[in-house]
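Residue 269 in the working numbering is what sits at position 266 of the sequence shown, and the numbering runs on without skipping anything.
Glycine is no exception: its CB is placed at the ideal position from the N, C-alpha and C atoms.
Here the structure is a predicted model, which means the values were calculated and not measured.
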Amino acid sequence: MLLLNKLKTLHTSPKYQYLLDRLKQYALLIRLDRPIGAYLLLWPTLWALWIAAKGTPDTLVLCVFVIGVFLMRSAGCAINDFADRDIDPHVERTQNRPLAAGRITEREALVVFGVLSLSAFSLVLLMNTLTIYMSFAGIILAASYPFAKRFHYMPQVHLGIAFGWAAPMAFTAQANEITSVTWLIFMATILWATAYDTMYAMADREDDLQVGVKSTAILFGEADKLIVGLLQALLIFDLILIGSSSELGLYYYLGLSAATGLAIYQQFLIKDRDKQKCIQAFVNNNWFGFCVFAGIFVDYWV
């Protein structure tokens, strides 16, 4: 009974409530409630791992990169909100984020970014030397991406490079070498991220113009849908080259066919540039990535 009373007292104490609130705000900062970004980063990483391992990735490598993907995506969200701390309060979709709304401080956001980045790096130290060296570039890309929209009109390409870098790192960690397929997967990720993040930017175009930040949606203008379609076509072609170079078979191409159908569906969603449907097209890319991975997985499995 005494222990129960102490627990009740602890539960209602100001310090306990403060700690719970801090954890809640940090969870919102790193988008634990919106994991779509982590999924979009995870799929190309799994493509690379399975192809490098020919269907049987090392358990340690797999665990390191799955956990690392979620840590680095979370770190990216924290540094992104720090970079956009003067912009987010003026954008309807982002004005309620913890930093924009003043529920956490700039210092807290930087500490969260630092802790998550160091945690991810500590995992990479379990990998081979080449992968460790490559991780330094990964940290630079992740930290610099949020600031790109202030300097050029292609932050979506910058995001693709930052997201895509996980794929050659995973491939190298598994195979301990860099091959032509490594770079084909890297290029596929860049094309894919540029396409889906342009869809996302199409929903934010008016707000971005008002606050003065840059995006491919603004750069492409009325040609946005056409260019996204061309990027998707190049992505499919790149994935065909990956399949051919890796000697993947029927099940891979069935998965790729399903992914191609989803790309066509996404074009239908963005045809009127409706904000909600552009976001829906962006989210639908999770299934695109899944279909490609399912094809790879089954092709090696059977």
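Residues in the same chain with beta-carbon distance under 6 Å from residue i, minus the five sequence neighbours each way, listed in chain order, please.
{"i": "residue 78", "result": "116, 119, 120"}
{"i": "residue 92", "result": "98, 103"}
{"i": "residue 49", "result": "296"}
{"i": "residue 231", "result": "198, 201"}
{"i": "residue 178", "result": "55"}
{"i": "residue 272", "result": "280, 283, 284"}
{"i": "residue 301", "result": "254"}
{"i": "residue 1", "result": "This structure cannot settle anything about residue 1, because the visible part of the chain is limited to 4 through 305."}
{"i": "residue 269", "result": "284, 287"}
{"i": "residue 40", "result": "76"}
{"i": "residue 148", "result": "161, 162, 165"}
Note down the Cα distance separating residue i from residue j, rounded to an integer number of angstroms.
{"i": "residue 174", "j": "residue 289", "result": "21 Å"}
{"i": "residue 294", "j": "residue 248", "result": "19 Å"}
{"i": "residue 181", "j": "residue 89", "result": "41 Å"}
{"i": "residue 25", "j": "residue 106", "result": "9 Å"}
{"i": "residue 198", "j": "residue 21", "result": "41 Å"}
{"i": "residue 87", "j": "residue 212", "result": "15 Å"}
{"i": "residue 282", "j": "residue 254", "result": "30 Å"}
{"i": "residue 183", "j": "residue 112", "result": "38 Å"}
{"i": "residue 28", "j": "residue 38", "result": "16 Å"}
{"i": "residue 110", "j": "residue 82", "result": "11 Å"}
{"i": "residue 145", "j": "residue 74", "result": "11 Å"}
{"i": "residue 187", "j": "residue 304", "result": "22 Å"}
{"i": "residue 42", "j": "residue 76", "result": "9 Å"}
{"i": "residue 237", "j": "residue 224", "result": "20 Å"}
{"i": "residue 210", "j": "residue 189", "result": "31 Å"}
{"i": "residue 63", "j": "residue 140", "result": "22 Å"}
{"i": "residue 242", "j": "residue 252", "result": "13 Å"}
{"i": "residue 263", "j": "residue 60", "result": "26 Å"}
{"i": "residue 216", "j": "residue 244", "result": "36 Å"}
{"i": "residue 94", "j": "residue 132", "result": "43 Å"}
{"i": "residue 277", "j": "residue 108", "result": "34 Å"}
{"i": "residue 84", "j": "residue 65", "result": "29 Å"}
{"i": "residue 246", "j": "residue 136", "result": "28 Å"}
{"i": "residue 267", "j": "residue 214", "result": "32 Å"}
Please return the same chain residues whose Cβ sits closer than 7 Å to the Cβ of residue i, not counting the five positions on each side in sequence.
{"i": "residue 192", "result": "47, 163, 166, 167, 170"}
{"i": "residue 265", "result": "287, 290, 291, 294"}
{"i": "residue 220", "result": "201, 204, 205, 208, 227"}
{"i": "residue 257", "result": "298"}
{"i": "residue 134", "result": "127, 172, 175, 176"}
{"i": "residue 261", "result": "294"}
{"i": "residue 311", "result": "One cannot answer for residue 311 here, as it falls past the ends of the chain, which runs 4 to 305."}
{"i": "residue 151", "result": "158, 161"}
So, at 8 Å on beta carbons, what are the nonlocal neighbours of residue i in its own chain, with the 5 sequence-adjacent residues on each side left out?
{"i": "residue 274", "result": "228"}
{"i": "residue 124", "result": "138, 142"}
{"i": "residue 10", "result": "Note that residue 10 scores a pLDDT of 44, beneath 50, so its modelled location is shaky; the value from the coordinates is reported in the next line. Contacts found: none."}
{"i": "residue 57", "result": "303"}
{"i": "residue 36", "result": "30"}
{"i": "residue 114", "result": "none"}
Less than 8 Å between the CB atoms is what I'm expecting for residue i and residue j, so what's the real figure, rounded?
{"i": "residue 80", "j": "residue 153", "result": "Not really, about 18 Å apart at Cβ, beyond 8 Å."}
{"i": "residue 307", "j": "residue 44", "result": "Missing from the structure shown is residue 307; the chain here goes from 4 to 305 and no further."}
{"i": "residue 222", "j": "residue 157", "result": "7 Å"}
{"i": "residue 31", "j": "residue 101", "result": "5 Å"}
{"i": "residue 159", "j": "residue 218", "result": "7 Å"}
In or out: residue i buried (at least 16 other Cβ within 10 Å) or exposed?
{"i": "residue 6", "result": "Low local confidence applies: a pLDDT of 48 at residue 6 is under 50, so the model's placement there is unreliable, with the coordinate-based value given in what follows. Classification of residue 6: exposed, given that the 10 Å Cβ count is below 16."}
{"i": "residue 280", "result": "buried"}
{"i": "residue 18", "result": "exposed"}
{"i": "residue 259", "result": "buried"}
{"i": "residue 96", "result": "exposed"}
{"i": "residue 239", "result": "buried"}
{"i": "residue 306", "result": "Shown here, the chain extends from 4 to 305; a query on residue 306 therefore has no answer."}
{"i": "residue 161", "result": "buried"}
{"i": "residue 185", "result": "buried"}
{"i": "residue 16", "result": "exposed"}
Which runs of the alpha helix (DSSP H) spanning at least 4 residues fall entirely within the stretch 82-162, listed in chain order? For the stretch 82-162, the continuous alpha helix (DSSP H) assignments of 4+ residues that do not extend past its boundaries occur at 109-127, 132-147, in sequence order.
In chain order, each alpha helix (DSSP H) run of at least 4 residues that lies wholly inside the stretch 21-76: 39-55, all fully within the stretch 21-76.
So within the stretch 180-264, which uninterrupted alpha helix (DSSP H) runs reach at least 4 residues, ignoring any that extend past its ends? Complete alpha helix (DSSP H) runs here, min 4: 183-214, 219-223, 227-248.
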